[in-house]
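Each number in my numbering comes from the position in the sequence shown (counting from 1) with 1125 added on. Positions of the beta carbon are idealized from the N, C-alpha and C atoms, including for glycine. Contents: one structure, followed by commentary.
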Amino acid sequence: VLNSYPRNYQFQHESIYYDARARPDKTFNAFFQLAHICEENGIRGSNCFTLRRSWSPCYMEIDTKILC
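Structure follows, in structure tokens:
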């Protein structure tokens, strides 16, 4: 999976976990390879690809203190 990154790729803050959250577009290939490996081995992996088609949130937070 780490081979999906270029040889000279530097993770932000030297952390793959931070980099995956900060720059998800750079880790797309690694997530795709993980999903493929899980599928080949019959392992139920996590869904790393969203099924939504828009960037707008599909939820709304309600401040209950205002309602009371």
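Coarse secondary structure for residue i, derived from DSSP in three states
i: residue 1158; result: helix
i: residue 1189; result: helix
i: residue 1179; result: coil
i: residue 1140; result: coil
Buried or exposed (CB count within 10 angstroms, at least 16 for buried), residue i
i: residue 1189; result: exposed
i: residue 1144; result: buried
Cα-Cα separation, residue i to residue j
i: residue 1126; j: residue 1181; result: 31 Å
i: residue 1209; j: residue 1155; result: No answer is possible for residue 1209: it lies beyond the span of the chain, which begins at 1126 and ends at 1193.
i: residue 1147; j: residue 1158; result: 19 Å
i: residue 1139; j: residue 1150; result: 17 Å
i: residue 1202; j: residue 1136; result: The chain is shown only over 1126 to 1193; residue 1202 falls outside these bounds and no answer can be derived.
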